[in-house]
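There are 2 protein chains.
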Amino acid sequence: MARASTTSDVFNAVAEAGRREILDVLMTGEKTVGAIVRDLSMSQPQVSKHLRVLSEVGLVRYRADGRYRLYRAEPVRLRPLHDWLAKYEQAWNARLDRIDDILHELQGQGERSDP
Amino acid sequence: MARASTTSDVFNAVAEAGRREILDVLMTGEKTVGAIVRDLSMSQPQVSKHLRVLSEVGLVRYRADGRYRLYRAEPVRLRPLHDWLAKYEQAWNARLDRIDDILHELQGQGERSDP
DNA sequence: CGATCATATACCAATATCAGCATATGAAAG
DNA sequence: CTTTCATATGCTGATATTGGTATATGATCG
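Quick mapping for you: the protein sequence lines, in order, are chains A and B. Taken in order, the first sequence gives residues 1 to 115; the numbers are from the numbering used here. Taken in order, the second sequence gives residues 1001 to 1115; the numbers are from the numbering used here.
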């Protein structure tokens, strides 16, 4: 037997650098397939195929707009990865770092509003 | 070309369920190869090969003890994954969830949640 | 309708991966 | 030194994956 199918497995879907790049690009908002092709340096079929894989594990969705397809990332679907990772974060230095992060976030919230 | 080599890439190393299970087992402490074989239901060569992959990306280390090899996890090497993921956590509901987590950790240290 | 643009899919060749089995290495015990 | 235990490695067959090229689908425009 070979490796478990990339489909239906977020871990495998994200294991490919190209697909991670696509997700990164989509974090700036909805993008056309052509826009992704231009942003990264990948062929159009390549991008379409990667989008298919990402779509099958729910990491991206699209809405049709005329002959365009606007893809967007669905970051919440990364949760399985996050959850698995959480066990290990705790093992290295999770507690201190997270409290530190939260403190920054809490006290940074009030400063946000004034320009 | 096929997929980028599993070696030298933490994302790919962790994409395999079997290797994740091995890491999970190793989180309980140092383990012998044979102990891992017994804990999971994998053949000894399989375990050895997975350990090799994990070792090549630094996710495990071992020390020799007689004819045994005691492997241990090196969770800090998961950091690239964590860092990449951090961008997305922020995008979904990081703020609320993490504050919630911290609150539970801070005030509920001896308690448990009632269903 | 026919032409054109945006995207998806089919097919291909090269290669990597996985699991299983057999075997090699290496240490320790008799 | 020979056997035995623990682990690693080599080889193989089946399959999956990737990127490329060509083509199909589908919508818009003239």
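The C-beta atom is built at its ideal place from N, Cα and C for all residues, glycine as well.
For residue 1072 of chain B, the enclosing beta strand (DSSP E) starts and ends at 1068 to 1073. DSSP, read as helix, strand or coil, puts residue 15 of chain A in coil. Considering only A:81, A:75, A:89, the residue with the shortest C-alpha distance to residue 29 of chain A is A:75. Relative to residue 1026 of chain B, the option among B:1043, B:1015, B:1055 whose CA is nearest is B:1055.
Residue 1062 of chain B is bridged by DSSP to B:1071.
Closer than 9 Å at the C-beta level to chain B, one finds no residue of the segment 34 to 66 of chain A. The residue from A:20, A:67, A:66, A:64 with its alpha-carbon nearest to that of residue 47 of chain A is A:20. Going by DSSP, residue 1037 of chain B is part of the alpha helix (DSSP H) stretching over 1033 to 1039. Annotated as distal: residue 1078 of chain B and residue 1033 of chain B, with beta-carbon spacing of 8 Å or more.
In terms of beta-carbon proximity, residue 104 of chain A stays away from the interface with chain B, with every pair separated by 8 Å or more. Contact annotation: residue 23 of chain A and residue 1085 of chain B have beta-carbon atoms that are not nearer than 8 Å.
Proximity of chain A to residue 1025 of chain B at the Cβ level (cut-off 9 Å) is not reached, the minimal Cβ distance being about 12 Å. For residue 80 of chain A, not one C-beta of chain B is nearer than 8 Å to its own C-beta. Residue 1059 of chain B is a Cβ neighbour of residue 1013 of chain B, given a cutoff of 8 Å.
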